[in-house]
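Following the numbering used here, the numbering of the sequence shown begins with 101 at its first residue and continues without gaps. For every residue, glycine included, the Cβ atom is placed at its ideal position computed from N, Cα and C.
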Amino acid sequence: MRKLIVISAPSGAGKTTICARLLRDYPQIRLSISSTTRAPRGTEQNGKEYFFLSIPEFEKQIQRDRFAEWAKVHGNYYGTSRDVVEEAFQKSHPLLLDIDVQGSASLRKAYPDETALIFIAPPSLEALEQRLRSRGTDSEETIARRMSGARAEMARQNEFDKIIVNDDLDRAYNELKRWLKEEHEI
Ligand code: 5GP
């Protein structure tokens with residue numbers, strides 16, 4: 101099987117929880133570990149959440165065409181290495197990619213027949229803003245930046261194969277599972 105399950109969403113839409121559930125419930129699905137130039141947060145470890153690279157290291161890999169896709173997100177580089185994708189194809193396991201909207205579009209171009217593009221949407225922009233505020237972790241400036249990013253991402257929903265509205269986590273997750281089974285035999 102050559103399958104790339106690509107999930108994008110505005111920050112705060114519940115993507116991380118949905119990805120964690122997929123990995124828990126489908127042992128055959130592996131998570132793609134991206135490379136990034138942003139600094140590790142909290143307990144993040146190199147090679148676990150991300151491969152943490154310096155800007156020159158990342159740019160060298162771009163020049164060598166080592167990324168299946170890459171993008172600048174919030175001022176940092178993020179990218180999916182070709183090796184990660186090729187290894188999944190060789191070992192025939194579906195790969196889950198938690199990447200931004202630009203990255204989803206690039207992967208669709210690079211692997212048109214292998215990609216399943218999923219967009220997790222909040223029920224509304226107002227609901228998203230409320231969720232971001234209730235997390236209590238972000239400054240006003242960060243919330244404003246995330247909201248303007250969310251508006252831009254929501255405007256590109258129609259590029260995706262499946263839009264899941266996360267109004268209720270269990271309902272949304274079940275809808276995604278049904279779709280993966282019916283459309284992709286996963
Ligand atoms: P964070 O820094 O919070 O872990 O991730 C920030 C954003 O970068 C998220 O929207 C995440 O989906 C996106 N991202 C993570 N890895 C990649 C990648 O390899 N490629 C692209 N295009 N986006 C990524």
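- PHE219 and ARG141 have their C-alpha atoms some 25 Å from each other.
- In terms of Cβ geometry, GLU169 and GLY179 form a close pair [threshold 8 Å].
- One Cα belongs to ALA205, the other to TYR273, and the distance between them is close to 23 Å.
- In terms of Cβ geometry, ASP198 and ILE107 form a close pair [threshold 8 Å].
- For TYR273, the shortest C-beta to heavy atom distance toward the ligand 5GP is 7 Å or greater.
- Exposure of GLY147 is indicated by the presence of fewer than 16 other C-beta atoms within 10 angstroms of its C-beta.
- Residue selection by CB proximity (closer than 6 Å to any heavy atom of the ligand 5GP) returns SER134, ARG138, GLU169, ALA171, VAL173, TYR178, GLY179, THR180, ASP198, ILE199, ASP200, GLN202 and GLY203 in chain order.
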